[in-house]
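Only one structure is covered here, and it is reproduced in the block below.
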Amino acid sequence: MAADEAVYEEWLRASNNPDTPADIMKNLQDEYLARQGKAEAQQEQLSSILDLLGYVPEVSDDSRND
């Protein structure tokens, strides 16, 4: 996910720079949209699995420092 954010941020930086060549902008946009498509497909797979399970399992949040 961090790599996806990095691509998005690079795309934003390039968008704000009028000197960015069009081919680089197109490549960054294509990469961002491809990553979004993959994320959407993963979300759909997860949704299908949860529908089959019939519930949302409890998962510990490893990002918290208790």
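Using this note's numbering, the letters of the sequence shown map in sequence onto residues -4 to 61.
Cβ atoms here follow ideal geometry from the backbone N, Cα and C, with glycine treated the same way.
- Taking the Cα positions, K33 is about 10 Å away from Y27.
- Membership of D57 in any alpha helix (DSSP H) is not indicated, and neither H nor E is assigned to it by DSSP.
- DSSP places E5 inside the alpha helix (DSSP H), whose first and last residues are A(-3) to S10.
- Of the residues assessed, L23 falls on the buried side of the cut-off, its CB having 16 or more other CB atoms within 10 angstroms.
- For the 9 Å CB-CB criterion, M20 and W6 form a contact.
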